[in-house]
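For the sequence shown, full-length UniProt numbering assigns the number 1 to the initial residue and increments by one for each residue that follows.
Ideal Cβ positions, reconstructed from N, Cα and C, are used throughout, including at glycine.
A short write-up of the structure that comes next.
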Amino acid sequence: DEPSVVAVDRDRKVPLAVGLEAKQMLGRTPGNIVAIRPMKDGVIADIDTTEMMLKYFINKAGSRRAPFRPRIIISIPSGVTGVERRAVQEAALRAGAREAHVIEEPMAAAIGAGLPVEEPTGSMVVDIGGGTTEVAIISLGGLVTAKSIRVAGDELDEAIVQYIKRHYNLLIGERTGEEIKQTIGSAYPVGEEQSMEIRGRDLVTGLPRTLRVTSEEIRKAMAEPVAAIVEAIKVTLENTPPELAADIMDRGIVMTGGGALLKGLDVLISKETGMPVHVADEPLLCVVKG
Numbered sequence: 001d002e003p004s005v006v007a008v009d010r011d012r013k014v015p016l017a018v019g020l021e022a023k024q025m026l027g028r029t030p031g032n033i034v035a036i037r038p039m040k041d042g043v044i045a046d047i048d049t050t051e052m053m054l055k056y057f058i059n060k061a062g063s064r065r066a067p068f069r070p071r072i073i074i075s076i077p078s079g080v081t082g083v084e085r086r087a088v089q090e091a092a093l094r095a096g097a098r099e100a101h102v103i104e105e106p107m108a109a110a111i112g113a114g115l116p117v118e119e120p121t122g123s124m125v126v127d128i129g130g131g132t133t134e135v136a137i138i139s140l141g142g143l144v145t146a147k148s149i150r151v152a153g154d155e156l157d158e159a160i161v162q163y164i165k166r167h168y169n170l171l172i173g174e175r176t177g178e179e180i181k182q183t184i185g186s187a188y189p190v191g192e193e194q195s196m197e198i199r200g201r202d203l204v205t206g207l208p209r210t211l212r213v214t215s216e217e218i219r220k221a222m223a224e225p226v227a228a229i230v231e232a233i234k235v236t237l238e239n240t241p242p243e244l245a246a247d248i249m250d251r252g253i254v255m256t257g258g259g260a261l262l263k264g265l266d267v268l269i270s271k272e273t274g275m276p277v278h279v280a281d282e283p284l285l286c287v288v289k290g
């Protein structure tokens with residue numbers, strides 16, 4: 001369970017760190033080292049770096065004594081093209097996989113969340129990852145209707161960064177944006193309002209500055225991407241056959257992915273759709289388990 005980030009030495013074109021270690025370097029590297037996200041919006045943005053990352057994870061999972069050529073299953077957004085699908089499989093094969101298969105992300109999330117995907121009843125899953133939000137109605141082992149939008153956790157982080165820049169002339173990094181979201185971020189007022197101290201670079205003086213922000217402000221900052229996620233859920237429900245819609249009214253919507261952990265998001269979605277909403281157990285691991 002590691003993020004898709006690679007730190008690369010620009011001069012020697014070699015990876016220095018991958019996953020959690022590389023993510024900690026975001027915004028903190030010297031000139032010759034760059035931290036790259038090779039996957040953008042759930043698809044490959046940098047083929048060479050993606051292969052480096054996959055090789056690293058294959059080697060980490062294998063034994064040092066013998067060559068390790070695993071069968072790999074990769075989850076992809078439901079709206080990807082055939083070309084994007086093939087690019088992912090080919091990258092995995094070149095990285096050392098014996099076989100490479102793909103599964104649509106909402107299907108993997110639903111299986112990992114323990115939903116009865118093979119039964120003739122409707123299940124609804126909302127998987128909010130880093131690059132994409134996947135909304136799907138599943139029945140009899142297939143996606144009946146699905147919507148994939150390129151608005152998810154990364155977009156929420158960026159909205160916070162831009163809000164702080166616009167309102168306070170303070171420049172903060174992507175990692176700080178994510179930390180704010182996880183600490184005091186919410187999609188709907190829940191309990192007592194909180195605040196936290198953040199540090200960044202003043203855009204006027206160029207000097208470091210400290211600032212205190214509140215959960216109410218961060219809610220405003222994230223309002224637009226949160227509204228886009230809610231709208232995608234509503235559109236999917238509008239396209240759902242009536243019989244399956246009745247099942248979802250009974251069973252509710254299941255949320256997976258890191259975005260499901262945003263405080264108050266389940267409450268907001270329930271209020272906006274009139275449906276019961278549940279956050280899956282271990283939402284971060286649902287796609288992996290599936």
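Query: Are the CB atoms of A35 and A7 within a distance shorter than 8 Å?; Result: yes
Query: Answer yes or no: do D202 and G177 have a C-beta to C-beta separation smaller than 8 Å?; Result: no
Query: State the DSSP-derived secondary structure class of D41, mapped to helix, strand or coil.; Result: coil
Query: So, with DSSP's three-state summary, where would you put K147?; Result: strand
Query: Can you have a look at D127 and say buried or exposed, based on whether 16 or more other CB atoms are within 10 angstroms of its CB?; Result: buried
Query: Mind checking D154: buried by the 16 CB within 10 Å criterion, or exposed?; Result: buried
Query: Looking at V43 and I74, is the spacing between their C-beta atoms short of 8 Å?; Result: no
Query: Once DSSP output is grouped into helix, strand and coil, what is the label at P242?; Result: helix
Query: Is the stretch 263-276 touching the stretch 86-100 in the sense that three or more CB pairs, one from each, lie closer than 8 Å?; Result: no
Query: With a threshold of 16 other CB atoms inside 10 Å of the CB of V225, please say whether the residue is buried or exposed.; Result: Reading off the sequence shown, one finds Pro at residue 225, where the question assumed Val. So P225 ends up on the buried side.
Query: Using the C-alpha atoms, what's the distance from H167 back to D281?; Result: 37 Å
Query: Looking only at C-alpha atoms, which of M124, V230, A113 and M52 sits nearest to A246?; Result: M124
Query: Judging by CA-CA distance, which residue of R85, E21, P77 and T214 is the nearest neighbour of T132?; Result: P77
Query: Find the nearest neighbour of G31 within the set I137, E119 and D11, judged by alpha-carbon distance.; Result: D11
Query: Do you know how far the Cα of G259 is from the Cα of L268?; Result: 13 Å
Query: Would you grab the beta carbon distance between P15 and Y56 for me? Rounded to a whole angstrom, and I think it's under 8 Å.; Result: 7 Å
Query: Rounded to the nearest angstrom, what separates S270 and D9 at their Cα positions?; Result: 46 Å
Query: Identify, in the order they occur along the chain, each residue of the same chain with its Cβ nearer than 6 Å to the Cβ of R219, setting aside the five sequence neighbours on each side.; Result: S186
Query: Determine the closest residue to V18 out of L244, K40 and I58, with distance taken between C-alpha atoms.; Result: I58
Query: Could you check what DSSP says for R86 in three-state terms: helix, strand or coil?; Result: helix
Query: Can you tell me whether P242 is buried or exposed, with buried defined as 16 or more other CB within 10 angstroms of its CB?; Result: exposed
Query: Taking buried to mean at least 16 other C-beta atoms within 10 Å of its own C-beta, is V135 buried or exposed?; Result: buried
Query: Return the chain-ordered list of same chain residues with a C-beta closer than 6 Å to the C-beta of residue 291, the five sequence neighbours on each side being excluded.; Result: Any question about residue 291 goes unanswered here, given that the chain covers just 1 to 290.
Query: Could you tell me which whole beta strand (DSSP E) segments of length 3 or greater appear in the stretch 173-229?; Result: 195-202 and 208-214
Query: Leaving out five residues before and five after V93 in sequence, what residues of the same chain have Cβ atoms less than 7 Å from its Cβ?; Result: A quick correction: the sequence has Leu, not Val, at residue 93. Cβ within range, chain order: A100.
Query: Can you give me the start and stop residues for the beta strand (DSSP E) that M124 sits inside?; Result: S123 to I128
Query: Would the beta-carbon of S148 fall within 8 Å of that of G79?; Result: yes
Query: Would you report the Cα separation of V207 and A221, rounded to the nearest angstrom?; Result: Residue identity differs from the one stated: residue 207 is Leu in this sequence, not Val. The straight-line gap from Cα to Cα measures roughly 24 Å.
Query: My assumption, with CB atoms under 8 Å, is that T236 sits in contact with I111. Please give the rounded CB distance.; Result: Actually they are not in contact, since the Cβ atoms of T236 and I111 sit about 19 Å apart, beyond 8 Å.
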